[in-house]
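Chains F and R supply the protein sequences, listed in that same order. Here the first sequence is numbered in numbering that gives the first Met the number 0, starting from 0 and rising by one per residue. Here the second sequence is numbered in numbering that gives the first Met the number 0, starting from 0 and rising by one per residue.
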Amino acid sequence: MGSLDLEALAQGMGGKVHPLGIDVPREALLPALTALREAGCRYYLLCTVTEVASGFEVVHGVRDVEANRTVFVKTGTGKDDPRVPSAVPVFAGANWFEREMLDLFGVVFEGHPDPRRLMMPDDYPGYPLRKDFPMATPWGYRPATDAEAP
Amino acid sequence: MAEAPLQVVERDFGELAMHMGPQHPSTHGVLRLTLRLRGETVVAADPGIGFLHRGVEKLSESLGWEQLAPVYERDDYVAPTFNSLGFCVAAERLGGIQVPRRGAWLRTLTAELTRIASHLVWLGTWGLDLGGALGGGTTLYMYCFREREKILDWLEAHTGTRFHTNVNLIGGARYDLTPELARSARVLMNGIEAAIPELWGMSGDSSILRDRTRGIGVISPELAQAVGVTGPVLRGSGIAFDVRQAAPYDAYPELQFDVPVRREGDAFARFQVRMEEILQSVRLVRQILDGLPRGPIFTRRPLKNPKASKLPAGEAYAAVESARGELGFYLVSDGSWRPYRLKIHAPSFANLQVIPHVAPGLLVADLVALLGSLDPVLGDVDR
């Protein structure tokens, strides 16, 4: 797509370009996603989170199907109390992807319409995909029986 | 004394909350749908997943690059080859690893055979879901599984396993094709091609199936894009996107095939797309058998120690077109012998997400038709 200039978009949002897309500050995530949608990237691909030294990196993938172009929009958040705005108001498809990341990383998506855990049981302790979570469950977790359930 | 005339009283029974699954046979595994019903009409549907969550993404962070491909074959257990293929393609992109031509063609061959087998499972089980409408349903199911069995037998002769063929390696293929196997593959393709009209006669020509699937679960192109449905579901909604064409990998740049598209966006459109895809896969397999290049299938140095194989630091996203749609791997590497983070974009996960958007207003029986037409595999959804 000729009209989509990632460099200009990233600079306008106070971010920069990376090999797979753009890197924007947390406040500029929704404006950036909205601008990409207006520019033709109407297809929602995925949301993923990577744990980095400074906290967590949240990545949204969007695609312009006609121009066959995929852009990954990255933003960062701190380690304690990680929060990013939810992309669901812009892309309905972000719903489950963000719930999964909330479940497995403990990243809070502010403004998510349905912030429940997706994969793990509701009473599961901890966030399994964090690096400090060991491979074997350390807490002797077992799901609550019917008798114990609140 | 005369009896009082029978009076019909309209009563509103309110909404009924009902769980469908995880043990319900038409939920294709362990999907739980929490339904809010008014009479027999769905007011809201909330899919609950995670019953098959095995933590594959966490497991990926503890195994070496070379050890991981077989792990992903357990994700989507109806079309296993695509999972390891997607991982290998992504790892090759990250590491800049070249695949020898013959190896790439052989990987495509297994992938297309698996696509046919997977679509046959889908058609057979969908026939079961629609049940009595199709002569008890089991007839179609048995005919589909008869053809699929031949493919699995061929895969067993080729790789030693019927199912988790493990044919994909980072940088090539594991098993070479013998002339006898190439001959039997041609016979196999003739059989599949001859069976398709028969299967179509039992399903697509049936007015009952048409009545039960036309106009059911319509996904508009706008909704399909915003939710990010993929594969035959996306192409059934009029969007011609196929990873094999958009971002070709392995042998696809050299092969000719069409991408079937339907505009209606209903369950019948998705059915038509998949039926045509089977024929396109037959066409692809024949091209591969005709034009299979000579040469090595794997040129990298075989490894004894998985920790000796490292990929450069960086990020990469690569996808393959699985039987269910775009199966993508988002890799983050810190330059060590194992992935730092690995995200799987599972096509069934993306497709299942559309249910809360299209289920309201359907009858419960039509919800089953919709669910089957999305072709979810819960191992793929939950990973």
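Beta carbons: idealized from backbone N, C-alpha and C, even for Gly.
Could you spell out the range, first to last residue, of the beta strand (DSSP E) harbouring residue i?
i	result
residue 17 of chain F	15-17
residue 73 of chain F	68-77
residue 96 of chain R	Element bounds for residue 96 of chain R: n/a, residue is neither H nor E.
residue 93 of chain F	First-last for residue 93 of chain F: 93-104, but that is the alpha helix (DSSP H), not the beta strand (DSSP E).
residue 72 of chain R	Looking at the DSSP string, residue 72 of chain R is not in any beta strand (DSSP E), and its letter there is neither H nor E.
residue 23 of chain F	Premise fails: residue 23 of chain F is in no beta strand (DSSP E) and is neither H nor E.
residue 15 of chain R	15-19
Which one or two residues does DSSP pair with residue i in a beta bridge?
i	result
residue 109 of chain F	F/84
residue 167 of chain R	R/172
residue 43 of chain R	R/35
residue 45 of chain F	F/60
residue 50 of chain F	F/55
The alpha helix (DSSP H) that contains residue i, what's its start and end?
i	result
residue 232 of chain R	231-235
residue 138 of chain R	137-158
residue 55 of chain R	55-59
residue 6 of chain F	5-11
residue 219 of chain R	Looking at the DSSP string, residue 219 of chain R is not in any alpha helix (DSSP H), and its letter there is neither H nor E.
residue 183 of chain R	178-201
residue 206 of chain R	206-212
residue 36 of chain F	28-37
residue 125 of chain F	Looking at the DSSP string, residue 125 of chain F is not in any alpha helix (DSSP H), and its letter there is neither H nor E.
residue 378 of chain R	377-381
Using only the heavy atoms of the ligand ADP, determine whether one of them is closer than 6 Å to the beta carbon of residue i.
i	result
residue 236 of chain R	Summarising the ligand content, the structure contains no ligands, and the ligand ADP is consequently not present.
Tell me, please, whether the stretch 64-74 of chain R touches the stretch 166-185 of chain R by the rule of three or more beta-carbon pairs shorter than 8 Å.
-> yes
Identify each residue in the stretch 53-73 of chain R for which the Cβ-Cβ distance to at least one residue of chain F is less than 7 Å, and report them in chain order.
-> 54, 56, 57, 61
Would the stretch 181-200 of chain R and the stretch 244-261 of chain R be scored as touching if the rule is three or more Cβ pairs under 8 Å?
-> no
The stretch 203-211 of chain R / the stretch 286-296 of chain R touching (three or more Cβ pairs under 8 Å) = no
Unbroken beta strand (DSSP E) runs of length 3 or more, entirely within the stretch 292-374 of chain R: which are they?
-> 313-321, 324-332, 340-344
Continuous alpha helix (DSSP H) assignments of at least 4 residues falling wholly in the stretch 242-283 of chain R | 242-245
State whether the stretch 85-103 of chain R contacts the stretch 313-320 of chain R, with contact taken as three or more CB pairs (one from each stretch) at a distance under 8 Å.
-> yes
Specify whether the stretch 216-232 of chain R and the stretch 343-354 of chain R touch according to this definition: at least 3 beta carbon pairs, one from each stretch, less than 8 Å apart.
-> yes
Given 8 Å as the limit, is there contact between the stretch 93-100 of chain R and the stretch 151-167 of chain R, that is, 3 or more CB pairs closer than that?
-> no
Selection of the stretch 231-253 of chain R by Cβ proximity to chain F, strictly under 7 Å = 238, 240, 245
Kindly confirm or deny that the stretch 8-25 of chain F and the stretch 57-77 of chain F touch, where touching means at least three C-beta pairs closer than 8 Å.
-> yes
Could you tell me whether the stretch 358-372 of chain R touches the stretch 213-222 of chain R, using the rule of 3 or more Cβ pairs below 8 Å?
-> yes
Chain R contacts made by the stretch 12-26 of chain F, where a contact means CB separation under 9 Å | 17, 18, 19
Can we say the stretch 319-333 of chain R touches the stretch 110-130 of chain R, given the rule of at least three CB pairs closer than 8 Å?
-> yes
Segment contact, 8 Å Cβ cut-off, at least three pairs: the stretch 325-339 of chain R with the stretch 35-53 of chain F | yes
Looking at chain R, which residues of the stretch 118-138 of chain F have a Cβ within less than 9 Å of any of its Cβ atoms?
-> 118, 119, 120, 127, 128, 130, 132, 134
Is there contact between the stretch 294-309 of chain R and the stretch 234-250 of chain R, where contact requires at least three CB pairs shorter than 8 Å?
-> no
Decide yes or no for the touch test of the stretch 264-278 of chain R against the stretch 72-92 of chain F: beta carbon pairs closer than 8 Å, at least 3 of them.
-> no
Near-chain F residues of the stretch 74-91 of chain R - C-beta to any C-beta below 8 Å | none
Near-chain R residues of the stretch 78-100 of chain F (beta-carbon distance less than 7 Å), N- to C-terminal order | 90, 91, 92, 94, 95
Mind the definition here: the stretch 96-113 of chain F touches the stretch 79-86 of chain F only if three or more C-beta pairs lie below 8 Å; say whether that holds.
-> yes
Contacting positions in the stretch 323-339 of chain R - beta carbon closer than 9 Å to chain F | 325, 327, 329, 331, 339
Between the stretch 204-232 of chain R and chain F, which residues of the former have CB atoms less than 7 Å from a CB of the latter, in chain order?
-> 224, 225, 226, 227
Listed in chain order, which residues of the stretch 148-170 of chain R have Cβ atoms closer than 9 Å to some Cβ of chain F?
-> none
Of all the residues that make up the stretch 284-314 of chain R, which are near chain F by a beta-carbon distance shorter than 9 Å?
-> 313, 314
What residues in the stretch 57-73 of chain F bring their beta carbon closer than 8 Å to a beta carbon of chain R?
-> 58, 60, 64, 67, 69, 71
Does the pairing of the stretch 326-336 of chain R with the stretch 100-111 of chain R give three or more beta-carbon distances under 8 Å?
-> no
Mind checking the stretch 346-359 of chain R against chain F and listing, in chain order, the residues whose C-beta falls within less than 9 Å of any C-beta there?
-> 348, 349, 351, 352, 353, 355, 356
Closer than 8 Å, Cβ to any Cβ of chain F: which residues of the stretch 6-20 of chain R, in chain order?
-> none
Which residues, in chain order, does the stretch 173-189 of chain R contribute to contact with chain F at a C-beta distance below 8 Å?
-> none
Along the stretch 25-48 of chain F, what residues have a CB closer than 7 Å to any CB found in chain R?
-> 41, 42, 43, 44, 45, 47
Check whether the stretch 142-161 of chain R touches the stretch 49-67 of chain R, counting contact only when three or more Cβ pairs, one atom from each stretch, lie closer than 8 Å.
-> no
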